[in-house]
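Notes follow once the structure below has been shown.
Residue numbers (full-length UniProt numbering), protein chains in the order written: chain A, 1 to 357; chain B, 1 to 357; chain C, 1 to 357; chain D, 1 to 357.
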């Protein structure tokens, strides 16, 4: 039996490689969804159901995919979405991904629960990242994190609003992530020992493995467990639009809300002064909504986020104005080399013809 | 090969565990449907097709899932549906499940053909269960069963109306449940011997294995076969709404009809004085029905029953007024420990926002 | 490994048994369809998509499923459709099936290319069968076959009109049925030798294996190949409605046309004096047809034929008046024993409630 | 285990044979599509969803499938579409396929990047082929190729307009077709060595393996790599309708545009003087198009091209006038023998009845 020499060519290929190289509980953290993962499957299907209108004989010798996202010029209307614990999936994963994003000319978003601190990420990419934050019970900690991000040069805040409680992620329950004692420890130890390459590359040479942005908030924490306990205690299910109002006053930069799925919530986002919004799913208005939210649609730019969505998703004016897409690519060192190749053929016919009208 | 240490996290996981621990004919009794099982599959699909409308930034710090079902306050709008022979699937299964339901604050329904008598179930849970009954040819036996239930404290009768004849359950036919002689005995013996854990736990220590509520009706019966013969002879295909009228006069408590699938039958249930109705399927009006039964919908509360449906089904006002769901969870000793964990995250955004409007 | 002792319970179970006991080319003759078998799959799906409206609390103690098909009283509105070469699938298969049908009180239809002659079939069942015929180039042979059927007591002719040319059955091509020489002979010999039970039961003890109704037409034929060559040469692609007119004059009994799929053809069948029509598929009017053929629908009774369709298909008035269904059950000796059991539960709620209205 | 003696009977069977006899990268060149191959899958599904209206009792003794395509009388309204590198898939593949097409009475289209030069193909079939061309940066080379085709007797030019850039074919990327160095060479060597029959038949006895029509344009080229480099450099993404206008002036014969998918582009093709157009997919107007392009539809005849589409696709007047279908059958020596058998049963009921109206 020959070894598999073939080159990975799609997000699905990269996903299979990740499944082979990561301990199962880390792979499932990135790959899994909540409950029966039906919404996750529906998102993938909705993207797959998109059809581009194909016109021919349009001069595409000079295709310009540049766009401006949150006031920042980009090579593509696409930003890397925040991925928690990316530094557990690859050695100093956030720094690697930020470097690759910068080389490709697209923004990188650092997660609150990233491994690398924002200063390390900003230095690695020679450019400050966007910063993602949840609302914490300790508003002083929120202010401190905002100050730290601003000091590191960050001017775009991606604020997650769809996580008042952690989702019921069944894969995590199966691995015993919510349990304690010998059995879950055994499960995870077996998964880690099955991936010696990961142990060598990430666990040993990717230290320190803690939440880099939260070391000041959790001074005594030494391991991820202590950090996780603090984060879990900080989830605030009582957050409302009034808290966003307060946040708007705290942050002078751009404010994007992440996790808006309903047209009425998008309208509320406009009223509260957000500069944009992003969903984790195809923005399909529910049956009870008015079919066309166009009058409102002109105002803010909205982004879609889809973990691992193929990069070919292009701009589409309906239903929320001209939208861009953002894609979370799990930390991988080879991303930079492939970024241009993967994205360049995405816009074969130019923005004038390769989109729905 | 390491043993599988992972934790079960979904009804599908529990189903697989049950398939491994129960003799096949008992598992198929719970897991199977009639004929080609297409209606069963359609029910699962219909539930899976449900989408919740997701609003964000609603204060969900205090989520109250309490409801009143058949006049009884419950922690959740959910009741355990009757499962026949539950005491064959787990040691004194009905008593275990009633205890777990009581701890979770939801009603438990005891099947006529349960193994534990109603007195044992009421004592185990420190609370009387709901009681499920079929119409029997011997109306004296019906009256005696009603009297026994009333004496045990039961005040809610769940009366099954969709079983004038036993369904053509192909799995049972394959196992020879309808045949006699050496071959079916061989089939079942092989299935029992393949599950020594069940033999030890249920067959030996779960005695007596007979229909606990019917010992007075079938005094000479010693084994399940004799009970089953009596029950089969008691099926009454001539039952009509006039018999429900008679039943209504016999029972002073709440009367819920189980197995209503048609809007016209639901209307008849109202007229005959039933306090509620429940279907075994998603209440989809057939094509020939008027699209909106709203004028009638306000009157009784209706329940859906779906064997093994995930607990996350929430209240939905259409088409039969505000409905609750009931879920049959096959008897399992660990249910109590997990009940809260499984149900708590089901209502993440509160009744004000996490439902269709 | 224990032998599989389980009982067959569905047409799918019987199909698997047939696949294990018949030489592959014979199984595929019964099981296969034309081309990519997409129409076959669509037929199965169309039947599976049927939903019965379920009403409850209807007195079904006395369910009467009797019907009159082509003037003949039947226990069920169902007839066995003609299956060519049934005597190759079971020992004297047509005689066995006719006996089983007679015992179940439903008509049996003998194929022109059956193995047993009509006299043998009539004697076996103590009742004359219906007789199926294709149009042959030799109209004298057609007349002789009609005379033979009439003499045997047959009064209902099922005339196939959808086979002007043999279909492109890919399974037959794969087995080399259309080729000659050593290779196809090798293929079939290997398939026959793999089924010693069939060789013993059918090939040796089911003699003579020739087209029993055609021995007078092909006097010199000794083996099936010679019969098949004659039949292939007799296919008449030039048949039109005028030939049916001629046929109508030749046959004094009931005339049913088999293979009508289009509403306009069904209307033509009425005008030419046919007493009924049957399709091999769900009678779905094509998109271009007027939606409701009701004005015409009142006149003849129409039958659907679906090879191996489950027996539970019930009467449904749309779109061609009150229709009955006919089902082809491949010859099997055990059919009689099971016929009542399989059919009895099909009509659980009586004709008044268990059908679409 | 006996060898598989069964006969191939469908395009899917032939596809499996090809997968077993061709080096993987050559098979994938023919079998694969762009990106996630969703459009490819949608094409197959769209063809499979076609339903023919079945009328019966129509005289089909004399079925005439003759048609005139691009002014050329054909036995069937079907032409072989151009397949690049067909001479790599079979020994002198284009010559073989042209011979088979000529024997079947249908046109053969030679690809620009075919292995056999047009003179060899014309001589093999005793008839000039249609010729397919891309627009090249070097317009002098275009003119030279047109002159060469005209000199070889070709009068129908099939001009591809949907390839301004090579598609992102993931299978090719996996095999390293776009990479250089030892790893891709190793991948391809392993694939070639696994198919000794192909090495013997095609690689050794099918020489010379170069782009036969381009030897004059790339005089120094010795191997396929050098040809491919020249072709890749000649892709011209700046082509517009004005270039088609120029082309129309250069070519006195029939001009068919290949790759039209949009109704507006089809209208432009009419205005620029094209004699026909062909798509690579079912001509489904996009949602934003007017539903009926009938006013325009009368003018040119349009062809559909579908790689490996079954030959049974028949004429269908909607939506682009009376259309014919063309099917790309990968080079196979046995095509001729089977062509009549495969096509004859496609038109069982004559053109008057076997099509949608």
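For each residue, glycine too, the CB sits at the ideal point set by N, CA and C. Keep in mind the model is a prediction, meaning the values are calculated, not measured.
Residue i burial status per 10 Å Cβ neighbour count (16 or more: buried)
i	result
residue 215 (chain B)	exposed
residue 156 (chain D)	buried
residue 128 (chain D)	buried
residue 3 (chain A)	exposed
residue 56 (chain A)	buried
residue 9 (chain B)	buried
residue 41 (chain B)	exposed
residue 126 (chain B)	exposed
residue 287 (chain A)	With a pLDDT of only 34 at residue 287 (chain A), under 50, the local geometry of the prediction cannot be trusted, and the value read off the model is given with reservation. Exposed is the call here.
residue 200 (chain A)	exposed
residue 12 (chain B)	exposed
residue 271 (chain A)	exposed
residue 71 (chain B)	exposed
residue 45 (chain C)	exposed
Distance between beta carbons of residue j and residue i, contact taken as under 8 Å
i	j	result
residue 7 (chain B)	residue 179 (chain A)	7 Å
residue 160 (chain D)	residue 134 (chain D)	5 Å
residue 165 (chain D)	residue 82 (chain D)	In fact, because the Cβ distance is near 19 Å, the residues do not count as touching under 8 Å.
residue 364 (chain C)	residue 240 (chain B)	With chain C covering only 1 through 357, there is no way to say anything about residue 364 (chain C).
residue 121 (chain D)	residue 94 (chain D)	5 Å
residue 66 (chain A)	residue 206 (chain A)	Wrong, their Cβ atoms sit about 34 Å apart, outside the cutoff.
residue 15 (chain A)	residue 28 (chain A)	No, residue 15 (chain A) and residue 28 (chain A) are not in contact; Cβ-Cβ is about 12 Å, not under 8 Å.
residue 209 (chain C)	residue 88 (chain C)	6 Å
residue 106 (chain B)	residue 86 (chain B)	Incorrect: roughly 16 Å between the Cβ atoms, too far for contact.
Near the ligand FMN: residue i beta-carbon under 7 Å from a heavy atom
i	result
residue 61 (chain A)	The ligand FMN is absent from the structure shown, which contains no ligands of any kind.
- Task: Taking only beta carbons into account, state which residues of the stretch 164-181 of chain A come closer than 7 Å to chain B, listed in chain order.
- Result: So the list reads 164, 165, 168, 170, 173, 174, 175, 176, 179, given in the order they occur along the chain.
- Any beta strand (DSSP E) of 3 or more consecutive residues that is wholly inside the stretch 124-188 of chain C: Qualifying beta strand (DSSP E) stretches, in chain order: 130-133, 156-160.
Count Cβ pairs between the stretch 244-255 of chain D and the stretch 146-157 of chain D that sit closer than 8 Å; are there 3 or more? Contact between the stretch 244-255 of chain D and the stretch 146-157 of chain D is present, because at least three Cβ pairs lie under 8 Å.
Please identify, using Cβ separations under 9 Å, the residues of the stretch 27-38 of chain C that lie next to chain D, in order along the chain.
Residues of the stretch 27-38 of chain C that bring their beta carbon within less than 9 Å of a beta carbon in chain D comprise 34, 35, 36, 38, in sequence order.
So if I threshold CB-CB distances at 8 Å, which residues from the stretch 194-210 of chain B count as touching chain E? Any reference to chain E falls outside this structure, whose protein chains are A, B, C and D.
With 7 Å as the limit, tell me which residues of the stretch 220-245 of chain D have their beta carbon closer than that to any beta carbon of chain A; keep them in chain order. Sequence-ordered contacts of the stretch 220-245 of chain D with chain A read 237, 238, 239, 240, 241, 244 [C-beta pairs closer than 7 Å].
Does the stretch 191-198 of chain D come within contact of the stretch 20-32 of chain A, defined as at least 3 CB pairs closer than 8 Å? Not touching, per the Cβ criterion.
Report yes or no: do the stretch 197-216 of chain B and the stretch 112-123 of chain B share at least 3 C-beta pairs separated by less than 8 Å?
Contact between the stretch 197-216 of chain B and the stretch 112-123 of chain B is present: three or more C-beta pairs spanning the two stretches fall below 8 Å.
Can you give me, in chain order, the residues of the stretch 61-76 of chain D that have a beta carbon less than 9 Å from any beta carbon in chain C? Cβ contacts with chain C come from 61, 62, 63.
Are three or more beta carbon pairs between the stretch 218-233 of chain A and the stretch 58-67 of chain A nearer than 8 Å? Touching, no, given that fewer than three Cβ pairs across the two stretches are closer than 8 Å.
Of the residues that make up the stretch 126-139 of chain D, which ones have a beta carbon closer than 8 Å to any beta carbon in chain A?
From the stretch 126-139 of chain D, no residue has a Cβ closer than 8 Å to chain A.
Checklist entry - Can you find at least 3 beta carbon pairs, one from the stretch 8-21 of chain B and one from the stretch 217-226 of chain A, that sit closer than 8 Å? => result By the criterion of at least three beta-carbon pairs nearer than 8 Å, the stretch 8-21 of chain B is not in contact with the stretch 217-226 of chain A.
Q) When the Cβ atoms of the stretch 167-186 of chain D are set against those of the stretch 86-105 of chain D, are three or more pairs found closer than 8 Å? A) The stretch 167-186 of chain D is not in contact with the stretch 86-105 of chain D.
Check: Residues in the stretch 143-162 of chain C with C-beta within 9 Å of chain D's C-beta atoms, listed in sequence order?
Finding: Listed in sequence order: 161, 162.
Residues of the stretch 4-20 of chain A whose Cβ lies closer than 7 Å to any Cβ of chain D, in chain order: For the stretch 4-20 of chain A, which is checked against every Cβ of chain D, the residues closer than 7 Å are 5, 6, 7, 9, 10.
Quick one: complete alpha helix (DSSP H) runs, 4+ long, within the stretch 254-278 of chain B? Correct list: 263-271.
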